[in-house]
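Q: Residue numbers (full-length UniProt numbering): 1 to 407.
Note that CB positions come from ideal geometry on N, CA and C, so glycine has one too.
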Amino acid sequence: MRFGLAILSALLLIVGCKEKKQTNNLSEGIWLVELNVMDNQELPFNLTVAKKDDGSYKMQIYNAEEVIDVDEIEIKGDSIRMQTPVFEGYLAGTFTENKIQGQFIKESLDRIVPFTAVYGIEDRFPAKLKKTERNVTGIWETYFSPDLEEEYVGKGIFLQEDSKVTGTFRTTTGDYRFLEGILDGDSLKLSSFDGAHAFLFTAKVTDSSMNGNFYSGNHFKEPFVANRNDGFELPNPDSLTFLNEGYDKLAFSFPDSDGNMISLSDKKYQNKVVIVQLMGTWCPNCLDETKFLVDYLKQDSNVEVIGLAFESAKTKEIAFKAINRLKDRVAVNYPILLAQYGSYDKKKAQEKLPMLNHILSYPTTIFIDKNGDVRKIHTGFNGPATGEKYVEFKKDFNALITQLSNE
């Protein structure tokens, strides 16, 4: 209830300014945004502001190689609302020429994170030391929540140039996408913001170890430890999810946004190679996979894809609105059905597909041959932030689809 009232207050602030004429202009160029997370930590990211010919603004958010275009910007008086392009999260607040004070809001989860944005600051993290003797480039065997019941394994992949560090953590459920930061002496700081998630990693580093904390917004924190291990690899993502005994096929029937019930038994999917994508519109790894699938279908029209969305939206109408927004923004060329709304809880999701041993990750990708048999289930997604692993995934994907198509 506390969060709900806070969101209502934020919305009233915006609505209250709707009748005001715009009196302020935003400075064009680089800005530094800092989200207030747990332990009084600041989670930074950079964005640029530019004015279009019609007088409106456009922005770009930067995370290492990732650039996110933000073109839905509403200004009324001294109030501003910046809607991220695909995900529901938005930044809203009040502004002057060189400063924005406000909140990052995700309504479906009742989450609010305060932020401050300041014009003219280019450095994502300020460096206290001019030079660092350490270098974190390489592979790091990582354990999140070590020695706890919630422990899980990850693989850190980093590149350091001078004090700047980029890279990601891969896990069995996906990757933490494009991280960017700094190694300042023995202090490592990495962050990423994409409108769905706001991630911050802080750690003390030696030549061969890391010990730190992972923050997600201002609602989650967990410790992690890591050790250099160039030969480390995660469990095979093709072995983690499988059909329960007694099942050899996948079966479901879920609605699309037009109310049509769609299932694998439909004539359209007979004698076809079909990919079933378990996903959510709130999920950045799912967005990465969706973009990949959209591009792939432009090359191979003989393969069918069906997305099954598991949504946190509180109503069916809001869930379909999010699905349609994703389809419009990414030009999705395959149906996305609503499998669940109100929660993306994986145990509840597994009840919708009882033939699976579990749903461990969004996305999970199920490959079905022309006879309707499940041939492979891939857990998670190694997106563009994983570098060579993404290249390897695409190669394996192409080989499997070619094999199934030729059978």
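Beta strand (DSSP E) containing Val153: first to last residue?
A: Tyr152 to Glu161
Q: Below 8 Å CB to CB, which residues in the same chain sit around Thr99 once its five sequence neighbours on both sides are set aside?
A: A small fix is needed here, since residue 99 is Lys in this sequence, not Thr. Only Thr116, Ala117, Val118 and Tyr119 meet the Cβ criterion.
Q: Does the stretch 288-299 touch the stretch 251-270, meaning 3 or more C-beta pairs lie closer than 8 Å?
A: no
Q: Find out if the Cβ-Cβ distance for the pair Thr142, Ser163 is shorter than 7 Å.
A: For Thr142 and Ser163, no; Cβs fall outside 7 Å.
Q: In the DSSP output, what is Gln103 paired with across the bridge?
A: Ala92 and Pro114
Q: Just verifying my parser: in three-state terms, what is the DSSP assignment at Arg177?
A: Here Arg177 sits in coil by DSSP.
Q: Quick check on DSSP: helix, strand or coil for Asn390?
A: Residue 390 is actually Tyr in this sequence, not Asn. If DSSP states are grouped into helix, strand and coil, Tyr390 belongs with the helices.
Q: Could you give the residue range of the beta strand (DSSP E) that holds Lys189?
A: Ser187 to Phe193
Q: According to the Cβ coordinates, are Ala198 and Gly217 closer than 7 Å?
A: yes
Q: Mark residue 433 as exposed unless 16 or more other C-beta atoms lie within 10 angstroms of its C-beta, in which case mark it buried.
A: The first residue shown for the chain is 1 and the last is 407, placing residue 433 beyond what the model contains.
Q: Using 8 Å for Cβ pairs, my map puts Arg177 next to Gly383. What's the rounded Cβ distance?
A: 6 Å
Q: Beta carbon of Ile112, beta carbon of Gln101: below 7 Å?
A: At the C-beta level, Ile112 and Gln101 stay beyond 7 Å of one another.
Q: State yes or no: is the C-beta of Gly372 within less than 7 Å of the C-beta of Lys249?
A: yes
Q: Is Asn36 helix, strand or coil when you go by DSSP?
A: Here Asn36 carries a strand assignment [DSSP, helix/strand/coil].
Q: Take the Cβ of Val305 as the centre, count every other Cβ of all protein chains shown within 10 Å, and call the residue buried at 16 or more, exposed below.
A: buried
Q: Measure how close the beta-carbons of Asp238 and His378 come, nearest whole angstrom, since I'm counting them as under 8 Å.
A: Going by Cβ atoms, the distance from Asp238 to His378 rounds to 6 Å, so yes, they are a contact pair.
Q: So, Gly181 versus Phe169, is the Cβ gap smaller than 7 Å?
A: No. Outside cutoff.
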